[in-house]
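S.K.: Quick note: the sequence shown, position 48, residue 34 per the working numbering, numbers continuous. Supplied in structure tokens, the structure appears directly below.
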Amino acid sequence: MTTEIPATEKKERVYRPLGLTIGLLSIIPLFGIEPIIWLYIAHRLNVDANGIISGGLALDFWRWAGGIAGGIVLITAIMAWIGKPRSSQYLVQASVIASFLLIMVAAWVRAFGDCTGCLMDGATQTFNDIFQCKIPIQIIAFVYFIFYINRAPARAFYTQVPLPPWNPDEE
């Protein structure tokens, strides 16, 4: 007696589309790994170079919140990469949107100097300038990712329901 499912009853597996792969590979470093690295660098500079950098480097709310949001994006993006559970599509969208909004608000606050507790010495100013240089790339990656994860091939991957074959005569 075999437990093999007949070929006619096997469910066709839907693979991750290339556009979704590109989108996930763009948000993992930009919204997941990068904020964690910035938090780590700021913390290490604050601990190790406190005598060299006058006053240390400000570890304000925005840097901590970015690091936490980056960790959440990293976890949800890994779940979305695997495709399980089904809700991972919505979780990664929510975490990327929250991280994007946090990055934009933090850039706005730092640009106009309303950041309480942010010392604007030379090291912090350089750190913030580098932080702001990546914003155009993050905007492009964010728009592409949100656009593609809501398209039919990505939805088919998360639901594991194959799309019907495309017929150009049915329009």
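Ideal Cβ placement from N, Cα and C applies to all residues, glycine included.
1. On the CB-based measure, 16 or more other CB atoms within 10 Å of its CB, does Pro122 come out buried or exposed?
2. Let me confirm a value: Asp34 is counted as buried when at least 16 other C-beta atoms fall within 10 Å, else exposed. Which label applies?
3. Nearest by alpha-carbon distance to Phe17: which of Gln146, Lys70, Gln79 is it?
4. Buried or exposed: where does Ser85 fall if 16 or more other Cβ atoms within 10 Å of its Cβ makes it buried?
5. Near Pro21, which residues of its chain fall below 6 Å by C-beta distance, leaving aside the five closest residues on each side in sequence?
6. Determine the closest residue to Glu(-2) out of Glu156, Ile27, Leu149, with distance taken between C-alpha atoms.
7. Going by DSSP in three states, Pro122 sits in which element: helix, strand or coil?
M.R.: Let's see:
1. In the sequence shown, counting from the first residue as 1, residue 122 sits at position 136. Flag for Pro122 reads exposed.
2. Reading the sequence shown from its first residue, position 48 is the one you call residue 34. Classification of Asp34: exposed, given that the 10 Å Cβ count is below 16.
3. Along the sequence shown, read from residue 1 onward, the residue named residue 17 stands at position 31. Nearest C-alpha to Phe17: Gln79.
4. Numbered from its first residue, the sequence shown carries residue 85 at position 99. Ser85 should be labelled buried.
5. Locating residue 21 in the sequence shown gives position 35, where the first residue counts as 1. The answer, listed in chain order, is Gly52, Gly53, Gly56.
6. If you number the sequence shown from 1, residue -2 lands on position 12. Comparing Cα-Cα distances from Glu(-2) to each of Glu156, Ile27, Leu149, the minimum goes to Leu149.
7. As a working note, residue 122 is residue 136 in the sequence shown. Pro122 falls in the helix class under three-state DSSP.
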